[in-house]
Amino acid sequence: MATSLLTYGAIMPAVTSSVLTMGALAAAGLLLGFLIAFLILRSVQKAALARSRTDNDKVIADANSRAAVIMQQAEIAARDQSQKMRATAEKDVDTMREEMRNIEQRLLKREDMLDRKLDTLATKEKNLESLEKSLAERTRNVAAKEQDLDKAITRQKELLLQITGMNLEDARQLLLSRVEGEVRHDMAVMVEKMEEQAREEAKQRSTNIMLQAMQRYAAEVTSEGTTKAVTIPSDDMKGRIIGREGRNIRAFEQATGVDVIIDDTPGVITVNCFDPVRREIAKITLEKLIADGRIHPARIEEIVEQTQKEMENNIRQLGKKAVIEANVNNLHPKIMEMLGRLHYRTSYGQNILRHSIEVAFISQMIADELRLDGAIARRAGLLHDIGKAMDHDQEGGHPALGMEFCRKFNEPEAVLNAIGGHHNDIPSTTPYTPIVMAADAISGARPGARRETLDRYIKRLQELEGIATSFAPVRQAFAIQAGREVRVIVDPERCDDATAKLIARDIAKRIANEMTFPGEIRVTVLREVRAVELAR
1 MATSLLTYGA
11 IMPAVTSSVL
21 TMGALAAAGL
31 LLGFLIAFLI
41 LRSVQKAALA
51 RSRTDNDKVI
61 ADANSRAAVI
71 MQQAEIAARD
81 QSQKMRATAE
91 KDVDTMREEM
101 RNIEQRLLKR
111 EDMLDRKLDT
121 LATKEKNLES
131 LEKSLAERTR
141 NVAAKEQDLD
151 KAITRQKELL
161 LQITGMNLED
171 ARQLLLSRVE
181 GEVRHDMAVM
191 VEKMEEQARE
201 EAKQRSTNIM
211 LQAMQRYAAE
221 VTSEGTTKAV
231 TIPSDDMKGR
241 IIGREGRNIR
251 AFEQATGVDV
261 IIDDTPGVIT
271 VNCFDPVRRE
281 IAKITLEKLI
291 ADGRIHPARI
301 EEIVEQTQKE
311 MENNIRQLGK
321 KAVIEANVNN
331 LHPKIMEMLG
341 RLHYRTSYGQ
351 NILRHSIEVA
361 FISQMIADEL
371 RLDGAIARRA
381 GLLHDIGKAM
391 DHDQEGGHPA
401 LGMEFCRKFN
411 EPEAVLNAIG
421 GHHNDIPSTT
431 PYTPIVMAAD
441 AISGARPGAR
451 RETLDRYIKR
461 LQELEGIATS
471 FAPVRQAFAI
481 QAGREVRVIV
491 DPERCDDATA
501 KLIARDIAKR
511 IANEMTFPGE
521 IRVTVLREVR
531 AVELAR
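Take 1 as the starting number for the sequence shown in this note's numbering and just add one per residue.
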């Protein structure tokens, strides 16, 4: 044990020294490696720096060469631009010089013309001076001759007055009366001849124009009554339409505003209403209900509402078709809608929309014959009865209603006057109003156009005259304008102006209460005072 320890003690210093020697060597090697690495890195950096300097020199050289090229190109472009600008400037200068030369030439010509005019004016002044001298001399001669003539006339007057034994004023009056009588007689003869010739020519001309218009236009006119017949598949459908305790038919009549007539006539149900639009809505609704089979109050209201919308659309389409057919432009949509409503309205069985289209074409033909504007006449003819599309709750006749309605949509004044005056309700201010009146009469008077019989027409006129003559002060009564107006002549000794107004109002009331007639009837009471004396 002790030996081992001694051995260990001897060995340990040697080992320790060897270990220290190895550590020193390792440190020296490491330091040397670092030194070598540092030297290598410096050499690499120097090489890289040298290469970068070489590259920078090359880039600078390339940039300098490119800059030189760009400078050369810029100089060349600047030279070209300067040359172009110089050429343009030279051209402008040449143009201005040419214009200046032209202006100078024109000025020289004007100076020459002014010189010539001055010479001419000088010559004219000389001529005027000579003419003034001659005129002054002539004026003196004329004045002297007038004095001599006045003296001669005075001597002649004095001599005539001595011969006739009259003074100057009596002679003047006698001469004027003779001349006036002769001129008045000649003028009356000439006026009578001209009036007779004008009447003959106007009558012949108007007859030819109306005949040509009637011959050139012939339209189909349909007639409708106040009832519509609806065909049903079987009589069992009548019971379904009536419904339990009549609830279906009551709901239908309440929703449509019509009367439904269900009688023993097989296969037919009748719809009755004075309003043709409501009548048509009820007919279409009933046909839809029959085709559908579901008939109860809720379904009836639904179908009625749907049919009303369809009818409104149908009315607009009818108005557009009428406007296109009549070839009238720039009509307001509201006016076209009112025209469509005329399709479902009649006057003595004549369809008013077809009547309006017919009047439009006849008015155009008459205007063309008279060398007037056919487009305005056609427009006025198409719109003349548009007041008949208004509901009955609006007061006034259809001419006034139609005129005010179209005035809201800025229709021309000629068209408005034709609408309001085609029954002589207002004075005619344009030639298109009498044209529309003539066309309206032609359309209504054509054979087959209206359904009223001659006997019924005569009876209505007789009733008008009979009501008017039943009043005490009335002397005579005449129904005119196809029964649209009655003229009443009263005895002026038994009736004053205030009483005449009361009589007109009373006659109008009796006519409204006792007669059935379309539109309005005007009552005109005439009271005339004549003073007659006999010269014996």
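Note that CB positions come from ideal geometry on N, CA and C, so glycine has one too.
Shown here for His355: same chain residues with a beta carbon closer than 6 Å to its own, the five before and five after excluded, namely Ser443 in chain order. Straight across, the Cα-Cα distance linking Glu485 with Asp425 is about 10 Å.
Excluding sequence positions up to five before and after Thr469, its CB lies within less than 7 Å of the CB of Ala477, all in the same chain and listed in chain order. Taken in chain order, the whole alpha helix (DSSP H) runs of length 4 or more contained in the region 251 to 302 are 276 to 292. The beta carbon of Ile262 sits closer than 6 Å to those of Lys238 and Ile269, all from its chain and outside the five residues before and after it, given in chain order. If you check the CB distance, Glu201 and Gly397 do not come in under 7 Å. Taken through DSSP and simplified to helix, strand or coil, Glu465 comes out as helix.
As computed with DSSP, Gln350 is found in a beta bridge with Ser347. Contact check for Gly267 against Ile232 passes: the beta carbons are separated by less than 7 Å. The C-alpha of Leu114 is placed about 60 Å away from the C-alpha of Met194. Assigned with DSSP and collapsed to three states, Glu305 falls in helix. Taking Ala360 as the centre and dropping the five residues before and after it, the same chain places the C-beta of Ala326, Arg378, Gly381 and Leu382 closer than 6 Å to its C-beta, in chain order. The closest CA to that of Glu465, considering only Thr429, Met515, His423 and Glu493, is found on Met515. Per DSSP, the unbroken beta strand (DSSP E) holding Phe478 starts and ends at Val474 to Ile480. At a Cβ-Cβ threshold of 7 Å, Arg456 and Lys388 do not count as neighbours. For Val525, there is no enclosing alpha helix (DSSP H); the enclosing beta strand (DSSP E) covers residues Arg522 to Arg527. Around Ile386, the same chain offers Met338 and Gly402 as residues with beta carbons nearer than 6 Å, after the five sequence neighbours per side are excluded. For Ile489, the pairing in a beta bridge is given by DSSP as Gln476 and Leu526. About 6 Å separates the Cβ atoms of Ile357 and Ala322, confirming a contact at the 8 Å cut-off.
Under the Cβ criterion (8 Å, minimum of three pairs), the region 520 to 534 counts as touching the region 489 to 497. By the Cβ-count criterion, Gln81 is exposed, with fewer than 16 other Cβ atoms from all chains shown falling within 10 Å of its own Cβ.
Non-local beta-carbon contacts of Arg279 in its own chain, meaning distances under 7 Å to residues more than five positions away in sequence, involve Lys228, Val258, Val271 and Cys273 in chain order. Your pair Ile335 and Phe409 checks out as a contact, with CB atoms roughly 6 Å apart and the cut at 8 Å.
Rounded to whole angstroms, the Cβ separation of Ala504 and Val523 is 5 Å, and the two are in contact under 8 Å.
Inside the region 11 to 78, DSSP marks no whole alpha helix (DSSP H) run of 4 or more residues. Closest option to Phe517, judged by alpha-carbon separation, among Ile489, Glu111 and Lys459: Lys459.
Residue pairing from DSSP places Val230 in a beta bridge opposite Ile269. In this structure, the beta-carbon distance from Lys283 to Val328 does not fall below 7 Å. The continuous alpha helix (DSSP H) containing Asn417 extends over residues Glu413 to Gly421. In the DSSP annotation of this structure, Cys495 is not part of any alpha helix (DSSP H), being labelled neither H nor E.
Going by C-alpha positions, Asn248 is about 11 Å away from Val260.
In the DSSP annotation of this structure, the continuous segment of the alpha helix (DSSP H) that includes Ile241 starts and ends at Asp236 to Ile242.
DSSP places Lys334 in the uninterrupted alpha helix (DSSP H) bounded by Pro333 to Arg341. Across the structure, Asp368 and Thr433 are spaced so that their CA atoms are roughly 15 Å apart.
In its chain, beyond the 5 residues on either side, no residue has a beta carbon closer than 6 Å to the beta carbon of Lys151.
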